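Novice: Encoded as structure tokens, here's the structure I'll be asking about.
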Amino acid sequence: MWDDAIVLTLKLATLVTIVLLVVGTPIAWWLARSKAWWKEAVGAVVALPIVLPPTVLGFYLLIALGPHSPIGQAAQALFGQTLPFTFEGLVIGSVIYSLPFVVQPIRNAFEAFGERPLEAAATLRASPLDTFFNVALPLARPGMLTGAVLGFAHTVGEFGVVLMIGGNIPGETKVLSVAIYDYVETLEWGKAHVLSAGMVVFSFFVILSVMVTEKRMRSRLT
Amino acid sequence: MTLAAHFVGSKGSFTLDARFSFPARGVTALFGPSGCGKTTLLRCIAGLNRLDFGRFEIGGEPWQNERIFLAPHKRALGYVFQDANLFAHLSVRDNLLFGATRAARQNTQADKTQAGPVDFDDLVALLGLGHLLERAPANLSGGERQRVAIGRALLTRPKILLMDEPLSALDHASKNEIMPYLEGLHDTLSIPILYVTHAPEEVARLADHLVVLEQGRVLASGPLTETLARLDLPIRHDDNAGVAIEAVIAERDEHWHLTRAAFAGGSIWVRDPGLAIGHRVRLRVLARDVSLALQQNTNSSIMNSLAATVTDIAANGHPGVRLVRVDVGGTPLVARLTARSAHELDLAPGKAVWAQIKSVAVLG
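Line order of the protein sequences matches chains A and B.
If you're matching positions, the first sequence starts at 1 in the working numbering and goes up one per residue.
If you're matching positions, the second sequence starts at 1001 in the working numbering and goes up one per residue.
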């Protein structure tokens, strides 16, 4: 039963991380390069989940994805059900919740190398799209790695949003953090210990390996 | 064949209004003090900056005019940045091939028949990059990086090479290391090279044509020898100002290790640079190394004394200094004298004098 929660959590976090990289990288690129006066407003919206209590975010997501909203009705029409209390709903909620943790490091990486390598690429016949994929992305690799790991770890540790929009359905939305909460509630401390200690060890190794890899990547780039 | 460029516009409080033409082969130096707009002008030609008005075309293809603005990646140019600007994530080899593969996809057959050392192996040999190919840019010296940047730009088979102060970020030793490669390019490339610099030495060594800029405007544009000898340009104020003379090695004195370099109107003995008779060289004579006398002075350590006629006298910013241009059988020289000397010798245009040359640098 508790290994269900582990598998589900890893599946959720992996999927969310992939979506975050695909969605977050263009946003980070735009935030780093746009000269629009309102770009910082967009930046602030992306960063909101850092300050908002997860319950507030979860509450609005519940309403936004619910049967009375346009999104909810579209989902109903497409999949025959609404998104809250489903795995898909959790993915959407987690993506929004973890977005700033992915966008910020990638944006920093784009801003750090600035205009110059892009200009060099332009004088070497690379179109803007070519430059993005073959110069900007490789140069931003350390930032993307940091973003991916932060996004992954943040999704693994998420609790409030999950509870608000996902509930507690075993195998569907019952992720690790919720499982631990349940064991503590029902006084199954032994199981809570196993999962919690596992999380501590897992987190330690994730962060350690990222720091080592990132350091190696950066020393190669400078 | 000449090319013409014309760019007008403002960037903040700076206004550029520059129009000049330059030969379709050889090195044209864009010379001027910092902030005179020479780099902006180069970036405009590359399409990296866009001002209100610009006009430039090359080989019958307009890159920019009232209606057209070609994006930089669609212009067949090579650009060498001040500090190389190599891609940190690629090896030297991949840096060199970055533009080459893209250009090969885009260039038409006509472009590919253009002359020049654009074969990868030839260029690697010419720039001495063979042993560096697998290195990362972070593990190169400043001079090596700049050589890779030059190779990277040339491998795109550009129609024009734009160089933005390629030596200014280098120390003295690296400059001396890279200079022979630049001189080699000058001899092998059949495309125009625009070379931005604020160093008179680089102008004298590399340029064939000189464009002098000040505060966004073109003060002068013309062949090097002629333009360097003008007294009305700010380049004269530089301590290292001087003229460049095209000469040929004509005679060798084995005993004293000297050679005679002959030019239109005379010849000068210089320390033997070890070059064969008939070899073309460029002599650089600094204004501060030329003095003037009314008689030929034979009781002097100065070896080179040339009969000359004064053509022009000008002040040079300091009230105690005069610049005197003299003509040696068609070749101009500039002497820097004190105002008092100029007065006591009663110098005036048309007066016959002896130009005594204390020191000459033999370039290339």
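Where is the CB? At the ideal position from N, CA and C, for every residue including glycine.
Computed from a predicted structure; not experimentally measured.
#1: Closer than 6 Å by C-beta to residue 1176(B): which residues in its own chain qualify, once you throw out the five before and the five after it? Chain order, please.
#2: How many angstroms separate the CA atom of residue 1104(B) from the CA atom of residue 1158(B)?
#3: Less than 7 Å between CB atoms is the rule here; does residue 1046(B) satisfy it with respect to chain A?
#4: For residue 1359(B) versus residue 1289(B), is the C-beta distance shorter than 7 Å?
#5: Since residue 1134(B) contacts residue 1093(B) with CB under 8 Å, what's their CB separation in whole angstroms?
#6: Give every residue of the same chain whose Cβ lies closer than 6 Å to the Cβ of residue 1179(B), excluding the five residues on either side of it in the sequence, and list them in chain order.
#7: Mind listing the chain B neighbours of residue 126(A)? Cutoff is C-beta to C-beta under 7 Å, in chain order.
#8: Between the C-alpha atoms of residue 43(A) and residue 25(A), what's the straight-line distance to the nearest angstrom?
#9: In whole angstroms, what is the alpha-carbon distance linking residue 1075(B) and residue 1246(B)?
#10: Quick one: which residues of the region 103 to 121 of chain A get their C-beta closer than 7 Å to a C-beta of chain B? List them in chain order.
#11: When the Cα atoms are used, what is the spatial distance from residue 1297(B) to residue 1154(B)?
#12: Mind checking who residue 219(A) pairs with in its DSSP beta bridge?
#13: Quick check: is the beta carbon of residue 1115(B) nearer than 7 Å to any beta carbon in chain A?
#14: Kindly indicate if chain B contains any beta-carbon less than 7 Å away from that of residue 139(A).
#15: Residue 221(A) touches chain B at which residues, Cβ-Cβ below 9 Å?
#16: Tell me residue 1006(B)'s beta-bridge partners as DSSP assigns them.
#17: Under a three-way DSSP split, which group does residue 164(A) fall into?
#18: In angstroms, rounded to a whole number, what distance separates the CA positions of residue 1078(B) and residue 1194(B)?
#19: Cutting at 6 Å between CB atoms, please list the residues of its own chain near residue 1174(B), excluding the five before and the five after it.
#20: So, is residue 1037(B) buried or exposed, given that buried needs 16 or more other C-beta atoms within 10 angstroms?
#21: On the DSSP bridge assignment, give the partners of residue 1217(B) in chain order.
#22: Compute the minimum distance between the beta carbon of residue 1343(B) and the heavy atoms of the ligand FMN, and state whether it is under 6 Å.
#23: Write down the C-beta distance between residue 17(A) and residue 140(A) rounded to the nearest angstrom, noting that I regard them as a contact closer than 8 Å.
#24: Report yes if the C-beta distance between residue 20(A) and residue 95(A) is below 7 Å; otherwise report no.
#25: Go through the region 1066 to 1126 of chain B residue by residue and report every complete run of the alpha helix (DSSP H) that reaches 4 residues or more, in order.
#26: Pick out whichever of 1268(B), 1130(B) and 1003(B) has its Cα sitting closest to the Cα of residue 1151(B).
#27: Confirm, please, whether the CB-CB distance from residue 1080(B) to residue 1192(B) is below 7 Å.
#28: Applying the criterion that 16 or more other CB atoms from any shown protein chain within 10 Å of the CB defines a buried residue, is residue 1146(B) buried or exposed?
#29: Whole alpha helix (DSSP H) runs in the region 1205 to 1293 of chain B with 4 or more residues, listed along the chain?
#30: For residue 1248(B), which residues in the same chain have their Cβ closer than 6 Å to its Cβ, ignoring the five residues on either side in sequence?
#31: Following the continuous beta strand (DSSP E) through residue 1163(B), name the residue where it begins and the one where it ends.
#32: Sorted by chain position, which residues of the same chain lie with C-beta nearer than 6 Å to residue 113(A)'s C-beta, five sequence neighbours on each side aside?
#33: Could you check which residue in 1320(B), 1087(B) and 1356(B) has the C-alpha nearest to that of residue 1301(B)?
#34: Determine which residues of the region 17 to 28 of chain A have a Cβ less than 9 Å from any Cβ of chain B, and write them out in chain order.
#35: Have a look at residue 218(A) and residue 208(A) and give me their C-alpha separation to the nearest angstrom.
#36: Determine the extent of the alpha helix (DSSP H) in which residue 1363(B) is found, giving its start and end residues.
Specialist: For this structure:
#1: Translated into the one-based positions of the second sequence, residue 1176(B) becomes position 176. If we look at residue 1176(B) and ignore the five residues flanking it on each side, it has no Cβ neighbours.
#2: For the purposes of this step, residue 1104(B) is taken as the residue at position 104 of the second sequence. For the purposes of this step, residue 1158(B) is taken as the residue at position 158 of the second sequence. Rounded to whole angstroms, residue 1104(B) to residue 1158(B) spans 11 Å at the Cα level.
#3: As a position in the second sequence, residue 1046(B) is number 46, starting the count at 1. Chain A, which has a Cβ nearer than 7 Å to the Cβ of residue 1046(B), makes this yes.
#4: As a first step, residue 1359(B) must be located in the second sequence, where it is residue number 359. As a first step, residue 1289(B) must be located in the second sequence, where it is residue number 289. Cβ distance < 7 Å, so residue 1359(B) and residue 1289(B) count as in contact.
#5: In the second sequence, residue 1134(B) corresponds to position 134, counting from 1. In the second sequence, residue 1093(B) corresponds to position 93, counting from 1. Going by Cβ atoms, the distance from residue 1134(B) to residue 1093(B) rounds to 7 Å, so yes, they are a contact pair.
#6: Position 179 of the second sequence holds residue 1179(B). Around residue 1179(B): no qualifying Cβ.
#7: Working through the first sequence from its first residue, we reach residue 126(A) at position 126. Near residue 126(A) (Cβ distances below 7 Å), the residues of chain B are 1073 and 1102.
#8: By 1-based counting over the first sequence, the position of residue 43(A) is 43. By 1-based counting over the first sequence, the position of residue 25(A) is 25. Taking the straight line from one Cα to the other gives about 13 Å.
#9: The count along the second sequence starts at 1 and reaches residue 1075(B) at position 75. The count along the second sequence starts at 1 and reaches residue 1246(B) at position 246. The straight-line gap from Cα to Cα measures roughly 34 Å.
#10: 116, 117, 119 and 120
#11: For the purposes of this step, residue 1297(B) is taken as residue 297 along the second sequence, with counting starting at 1. For the purposes of this step, residue 1154(B) is taken as residue 154 along the second sequence, with counting starting at 1. Their backbone Cα atoms lie some 51 Å apart in a straight line.
#12: The sequence position of residue 219(A) within the first sequence is 219, counting from 1. Answer by DSSP bridge pairing: none, since residue 219(A) is not bridged.
#13: Counting from one through the second sequence, the residue named residue 1115(B) turns up at place 115. Residue placement at residue 1115(B) is flagged as unreliable, the pLDDT there being 44, under the threshold of 50; a coordinate-derived value is accordingly withheld.
#14: Residue 139(A) sits at position 139 when you count from the first residue of the first sequence. So, interface residue.
#15: For the purposes of this step, residue 221(A) is taken as the residue at position 221 of the first sequence. What residue 221(A) touches in chain B: 1088, 1089, 1136 and 1138.
#16: Counting from 1 along the second sequence, the entry for residue 1006(B) is found at position 6. In DSSP, residue 1006(B) forms a bridge with 1019(B) and 1055(B).
#17: Numbered from 1 along the first sequence, position 164 holds the residue referred to as residue 164(A). Residue state, collapsed to three classes: helix.
#18: On the second sequence, residue 1078(B) is found 78 positions in, with the first residue counted as 1. On the second sequence, residue 1194(B) is found 194 positions in, with the first residue counted as 1. Cα-Cα distance, rounded: 10 Å.
#19: Within the second sequence, residue 1174(B) is the residue found at index 174, counting from 1. Excluding sequence neighbours, residue 1174(B) sits near 1142 and 1143.
#20: What you label residue 1037(B) is simply residue 37 of the second sequence in a count that begins at 1. It counts as buried.
#21: Residue numbering aside, residue 1217(B) sits at position 217 when the second sequence is read from its first letter. Answer is 1017(B) and 1214(B), bridged to residue 1217(B).
#22: Because no ligand of any kind appears in the structure shown, any question about the ligand FMN cannot be addressed here.
#23: For the purposes of this step, residue 17(A) is taken as the residue at position 17 of the first sequence. For the purposes of this step, residue 140(A) is taken as the residue at position 140 of the first sequence. Rounded, the Cβ-Cβ distance is 16 Å, inconsistent with contact.
#24: Within the first sequence, residue 20(A) is the residue found at index 20, counting from 1. Within the first sequence, residue 95(A) is the residue found at index 95, counting from 1. For residue 20(A) and residue 95(A), yes; Cβs fall inside 7 Å.
#25: 1092 to 1106, 1109 to 1112 and 1120 to 1126
#26: Position 151 of the second sequence, counted from the start, is the residue given in the question as residue 1151(B). The option with the nearest alpha carbon to residue 1151(B) is 1130(B).
#27: Position 192 of the second sequence, counted from the first residue, corresponds to residue 1192(B). Position 80 of the second sequence, counted from the first residue, corresponds to residue 1080(B). In this structure, residue 1080(B) does not lie closer than 7 Å to residue 1192(B) by Cβ.
#28: Taking the second sequence and counting its residues from 1, one reaches residue 1146(B) at position 146. By the 10 Å Cβ count, residue 1146(B) comes out buried.
#29: 1224 to 1228
#30: Counting from one through the second sequence, the residue named residue 1248(B) turns up at place 248. The answer, listed in chain order, is 1262 and 1280.
#31: In the second sequence, the residue the question calls residue 1163(B) occupies position 163. Unbroken beta strand (DSSP E) run through residue 1163(B): 1160 to 1164.
#32: For this step, residue 113(A) is matched to residue 113 along the first sequence. So the list reads 139, once near-sequence residues are dropped.
#33: Here residue 1301(B) refers to the residue found at position 301 when the second sequence is read from its first residue. Comparing Cα positions, the closest option is 1356(B).
#34: none
#35: Here residue 218(A) refers to the residue found at position 218 when the first sequence is read from its first residue. Here residue 208(A) refers to the residue found at position 208 when the first sequence is read from its first residue. So the alpha carbons of these two residues sit roughly 16 Å apart.
#36: The count along the second sequence starts at 1 and reaches residue 1363(B) at position 363. Here residue 1363(B) belongs to no alpha helix (DSSP H); instead the beta strand (DSSP E) covers 1361 to 1363.
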